[in-house]
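Colleague: The following block contains the structure, expressed as C-alpha cells.
Residue numbers (this note's numbering), protein chains in the order written: chain A, 149 to 591; chain S, 82 to 296.
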C-alpha cells in the first residue's frame, strides 16, 4: 500500500488542538493489518442535551466509559435518547453540556468536520448516496482525507473484500441495484474505509429482513474479531444486543443508564424492574442459557451394569424406592432405562427390556440443553455424563424447575443488594470521576 | 412573394435574428439558473424564506411582459438592458421553485449520512444535495427556457434583439405584401428554436444526471 508523505506516522496520536487539516489524517492512517486493538477509548462525561422549549433534557447527564476495542450496545425503548446520545459522540447533535473524549483527547470543541472523518458512521438503510457507485461511496472519506488516488483505489477493493462483496462485480454498481443486505455491507465498508478507530452504528440492521439481519450480525462479529475497533451500536432489539455486545448499556428515558454490564450480568442480575422488563418475557429461558448443569446439583439414581446378575436387578426394582433404574454398559455409559415389569415382559432378557437412552448431557451443558433433553426423553429426566461419556448422575424436570426458581430468586436478591450498593457508591464515584478522569486516558 | 421565396431572400437577416434570439435566451437562462439556484440554496432550509422566495418570483411572473419592459425603459433605456433584465426575472420562478422543492426532497437520512461521514456544509451541498436535486432543477430550467422563448419576442418592443422584430414589423405593416410572411417566419423560427433547446436539455440530462438516480 503506497504511503503518502503526509501520513508518515501511522497511528501517531494527534496533538490536541492541532489546527492544520493535514493533522486530521494522521489518526486515520493506521492500517488494518496492524495486529491487536485498533480502537480507541471513548469517555462521555455528564453528557447532556437540552432542546430549547422543552423543560426536560433529552439526554441527561450520561457518564459512560468505553474501552478500546470494545463493542458497546446502547439499548432501550424508542424515544429514550439512545440515538441522540450516539449522535453526540460525533457531534451530529451538539451537546448542551458535558465532555466527550476519544482516545483520551477531548473532542468536545474540535472542528466537527475533522472529528467525523476520524469516526466511522453507519446508519439504518445504509445511507448510501444513490447517485454514486459503490466504489465512489466507499472512496468518499479517504478522498476527503486526500489519500493519493492509487491508495484510495486499493482501499476500495480491500474494503469490498472485507465485507464479503466481490470487487469486480460490485465496484461500479449503483446502490439501487443492490439488495438491502448488500447495501448495508457497503454502508459498513464506507464507514470503515478510512480506518477510523471508532465506529458508530445507529440501528444499522433495523431495515433488513430477519434472515439477512442474522447474517449481517454474524458478519459484524467476524469483522470486529479481525479489526478490534471500538464500536458503539444503537438498537432497540435486546436479542441483537446480547448477540453483539461485549457490554450493554440499558437506557431508560432521558438516556439514564439503568444498567451497564456484560450480557450475562444483565440477564442474570437485572438491576431493577425496568431492566428485567426490557430483558423481556424470555428472561427465564435466556437465563437457562447462562447456567450450567454443574451449577444446579445433580441427583443420583440407582444404577446397574449389564454385568450385574439378573437377580440383583430384580431385587433393586422390587425393593427400591424408585420406579426406574439406569442400566449402564460395560464402560459405565448410560444404556437403558429399566422400569418395573420391563424385565418380566422381556422374559428376563436384558437385551430386549427397557428403553434406550437417547440423549445425555455433560456437566458443562447449559440448562437449556438439559431441559431440551428432558423434554424429549420420555422418562422426564436426563443422564449426566462426564466428558468421556461415563455416568455421573441425573437431572430431572423437578430439579431443573426448582433450581431455576432458586436462581431467579437469588438473582433478584442480589440485584437488590447490588442496587443498594450502587446507590451508595454513586455519589462518591461521580465525584472521583470528575476529579481524576484525565489521568486514566489512553489504554 | 410566397413564404419560401421570402425565406430565400431574407435568409441572412433571419439567421441574424434567430442567432440573436437564441443568444439572448441562452444568456438570460444562464443568469437565471445561477441566480435561481443560489436563491434556492439560500432559502430551502427555512419554511419562511422558501415560501417568500417562491411568492416573490411568482409575483414577478404575473406582471405582463409588455408592462415590465415598458417600466424598465425609463430606468435602463432601450435595447439590450431591459430585455436581459426582464427575461432573467421571468426565468427565475420555475428554477427557484424547483430548486427549493428538489433540495427539500433530498432524503434527510442521506443528509445525515453526508454530515456524519465528515462532509463540510459546502461539500455536502455540492456533492450530495445538488446532484440529487438536479433532475427537478433541470426540469425547471427547461420550463423556464420555453417560457423565455416566447417572452423574448416582446423585447422587440424596447428595440431589443431577436425574432420579435420580425413579428412586430409584420404586425405594424399588416396588409402589405410581406406582413404575414414576417409574422409567420418569426413565429415558426421561435418554435423551432424552442424545440432545438429542448433537445439540448434532453442531451444535458443524459450527460449530467447520474445513472444511479435516472428514472
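We put the CB at the ideal spot given by N, CA and C, even for glycine. Note that the structure is predicted; figures quoted are calculated from it, not measured.
#1: Does any residue of chain A have a CB that is nearer than 7 Å to the CB of residue 136 (chain S)?
#2: Measure the C-alpha to C-alpha separation of residue 292 (chain S) and residue 198 (chain A) and round it to an integer number of angstroms.
#3: Spatial neighbours of residue 547 (chain A) within its chain, please: C-beta separation below 8 Å, excluding the five flanking residues on both sides.
#4: Can you tell which of A:303, A:397, A:540 and A:387 has its C-alpha closest to the C-alpha of residue 409 (chain A)?
#5: Mind pulling the chain A residues with CB within less than 9 Å of residue 294 (chain S)?
#6: Quick one, which of A:328, A:477, A:494 and A:483 has its alpha-carbon nearest residue 462 (chain A)'s?
#7: Among A:256, A:336 and A:280, which has the Cα closest to the Cα of residue 192 (chain A)?
#8: Considering Cα atoms alone, identify which of S:236, S:244, S:136 and S:282 is closest to residue 93 (chain S).
#9: Can you have a look at residue 201 (chain A) and say buried or exposed, based on whether 16 or more other CB atoms are within 10 angstroms of its CB?
#10: Helix, strand or coil for residue 238 (chain A), going by three-state DSSP, please let me know.
#11: So what's residue 315 (chain S) in DSSP terms, helix, strand or just coil?
#12: According to DSSP, is residue 544 (chain A) part of a helix, a strand, or is it coil?
#13: Give me the Cα-Cα distance between residue 424 (chain A) and residue 333 (chain A), rounded to the nearest whole angstrom.
#14: Look up residue 191 (chain A) in the DSSP assignment and say whether it is helix, strand or coil.
#15: Which residues in the same chain have their Cβ closer than 8 Å to the Cβ of residue 236 (chain S), if we skip the five residues on either side of it in sequence?
#16: Should the segment 510–520 of chain A be regarded as contacting the segment 484–499 of chain A, the criterion being three or more beta carbon pairs within less than 8 Å?
#17: Using a Cβ-Cβ distance cut-off of 7 Å, determine whether residue 196 (chain S) contacts chain A.
#18: In angstroms with no decimal places, state the Cα-to-Cα distance between residue 215 (chain S) and residue 291 (chain A).
#19: What does the Cβ neighbour count give for residue 373 (chain A), buried or exposed, with the cut at 16 atoms within 10 Å?
#20: Run down chain S in chain order and give the residues with a C-beta less than 8 Å from the C-beta of residue 338 (chain A).
#21: Would you list, in chain order, the members of the segment 203–221 of chain S that have their beta-carbon closer than 7 Å to a beta-carbon of chain A?
#22: Does the segment 189–197 of chain S come into contact with the segment 263–272 of chain S, if we say contact requires no fewer than three beta-carbon pairs (one atom in each stretch) closer than 8 Å?
#23: Could you tell me which chain S residues have their CB closer than 8 Å to the CB of residue 271 (chain A), listed as they occur along the chain?
#24: Just the Cα atoms here: how many angstroms apart are residue 294 (chain A) and residue 290 (chain S)?
#25: Out of A:339, A:351, A:298 and A:356, which has the shortest C-alpha to C-alpha gap to residue 326 (chain A)?
#26: Can you find a C-beta in chain S that's less than 7 Å from the C-beta of residue 240 (chain A)?
#27: Can you pull the DSSP bridge partners for residue 472 (chain A)?
#28: When you compare the CB positions of residue 371 (chain A) and residue 269 (chain A), do they come within less than 7 Å of one another, or not?
#29: What's the gap between the Cα of residue 344 (chain A) and the Cα of residue 318 (chain A)?
#30: Taking only beta-carbon positions, decide if residue 275 (chain A) is within less than 7 Å of chain S.
#31: Rounding to the nearest angstrom, what Cα-Cα distance links residue 173 (chain A) and residue 324 (chain A) in this structure?
#32: Three-state secondary structure (DSSP) at residue 192 (chain S)?
#33: Quick one: does residue 265 (chain A) have its CB under 7 Å from some CB of chain C?
#34: Hey, how far is the Cα of residue 383 (chain A) from the Cα of residue 201 (chain S)?
#35: What does residue 180 (chain S) reach in chain A if we use C-beta pairs closer than 9 Å?
Modeller: So, from the listed chains and residues:
#1: Mapped onto the second chain, residue 136 (chain S) falls at position 55. Not one chain A Cβ lies under 7 Å of residue 136 (chain S).
#2: Position 211 of the second chain, counted from the first residue, corresponds to residue 292 (chain S). Position 50 of the first chain, counted from the first residue, corresponds to residue 198 (chain A). Each residue's alpha carbon lies about 42 Å from the other.
#3: In the first chain, counting from the first residue as 1, residue 547 (chain A) sits at position 399. Excluding positions up to five away in sequence, the list reads 444, 445, 446 and 447.
#4: By one-based count along the first chain, residue 409 (chain A) stands at place 261. Comparing Cα positions, the closest option is A:397.
#5: In the second chain, counting from the first residue as 1, residue 294 (chain S) sits at position 213. Neighbours of residue 294 (chain S) on chain A, chain order: 278, 279, 322 and 324.
#6: Taking the first residue of the first chain as position 1, residue 462 (chain A) is located at position 314. Nearest option by C-alpha distance: A:494.
#7: As a working mapping, residue 192 (chain A) is identified with position 44 in the first chain. Ranking A:256, A:336 and A:280 by Cα distance to residue 192 (chain A) puts A:256 first.
#8: The residue you call residue 93 (chain S) lines up with position 12 of the second chain. Cα-wise, what sits closest to residue 93 (chain S) is S:244.
#9: Residue 201 (chain A) sits at position 53 when you count from the first residue of the first chain. So residue 201 (chain A) ends up on the exposed side.
#10: The count along the first chain starts at 1 and reaches residue 238 (chain A) at position 90. Residue state, collapsed to three classes: coil.
#11: The question about residue 315 (chain S) has no answer, for chain S in this structure spans 82 to 296.
#12: Looking up residue 544 (chain A) in the first chain gives position 396. Three-state DSSP puts residue 544 (chain A) in a strand.
#13: As a first step, residue 424 (chain A) is located in the first chain; it is residue number 276 there, counting from the start. As a first step, residue 333 (chain A) is located in the first chain; it is residue number 185 there, counting from the start. Their Cα atoms are separated by approximately 33 Å.
#14: Residue mapping note: residue 191 (chain A) aligns to position 43 of the first chain, counting from 1. The answer is strand: DSSP assigns residue 191 (chain A) an E or B state.
#15: As a first step, residue 236 (chain S) is located in the second chain; it is residue number 155 there, counting from the start. These residues qualify, in order along the chain: 105, 150, 163, 164, 167, 168, 242, 243 and 245.
#16: no
#17: One-based indexing of the second chain puts residue 196 (chain S) at position 115. Taking Cβ atoms only, chain A reaches closer than 7 Å to residue 196 (chain S), which makes this a yes.
#18: Indexing the second chain from 1 puts residue 215 (chain S) at position 134. Indexing the first chain from 1 puts residue 291 (chain A) at position 143. So the alpha carbons of these two residues sit roughly 23 Å apart.
#19: Counting from 1 along the first chain, the entry for residue 373 (chain A) is found at position 225. Exposed is the call here.
#20: Sequence index remark: in the first chain, residue 338 (chain A) carries index 190 (1-based). Residues of chain S passing the Cβ test: 198.
#21: 209, 212 and 213
#22: no
#23: Here residue 271 (chain A) refers to the residue found at position 123 of the first chain. The answer, in chain order, is 190, 193, 194 and 197.
#24: Numbered from its first residue, the first chain carries residue 294 (chain A) at position 146. Numbered from its first residue, the second chain carries residue 290 (chain S) at position 209. Their backbone Cα atoms lie some 26 Å apart in a straight line.
#25: What you label residue 326 (chain A) is simply residue 178 of the first chain in a count that begins at 1. Nearest C-alpha to residue 326 (chain A): A:356.
#26: Looking up residue 240 (chain A) in the first chain gives position 92. It does: the Cβ of residue 240 (chain A) has a partner Cβ on chain S nearer than 7 Å.
#27: Locating residue 472 (chain A) in the first chain gives position 324, where the first residue counts as 1. In the DSSP output, where bridge partners are listed per residue, residue 472 (chain A) has A:487.
#28: Reading the first chain from its first residue, position 223 is the one you call residue 371 (chain A). Reading the first chain from its first residue, position 121 is the one you call residue 269 (chain A). Not a contact, by the Cβ cut-off of 7 Å.
#29: The sequence position of residue 344 (chain A) within the first chain is 196, counting from 1. The sequence position of residue 318 (chain A) within the first chain is 170, counting from 1. Distance between the alpha carbons of residue 344 (chain A) and residue 318 (chain A): 23 Å.
#30: On the first chain, residue 275 (chain A) is found 127 positions in, with the first residue counted as 1. Answer yes: the Cβ-Cβ gap between residue 275 (chain A) and chain S drops below 7 Å somewhere.
#31: Walking along the first chain from the start, residue 173 (chain A) turns up at place 25. Walking along the first chain from the start, residue 324 (chain A) turns up at place 176. Note that residue 173 (chain A) has pLDDT 37, beneath the 50 cutoff, so the model's placement of it is unreliable and the number below is only indicative. About 31 Å.
#32: Numbered from its first residue, the second chain carries residue 192 (chain S) at position 111. Reduced to three states, the DSSP call for residue 192 (chain S) is helix.
#33: Going by chain labels, chain C is absent from the structure shown, which instead holds the protein chains A and S.
#34: Locating residue 383 (chain A) in the first chain gives position 235, counting from the first residue. Locating residue 201 (chain S) in the second chain gives position 120, counting from the first residue. Those two C-alpha atoms are separated by around 28 Å.
#35: If you number the second chain from 1, residue 180 (chain S) lands on position 99. Simply none; closest approach about 17 Å.
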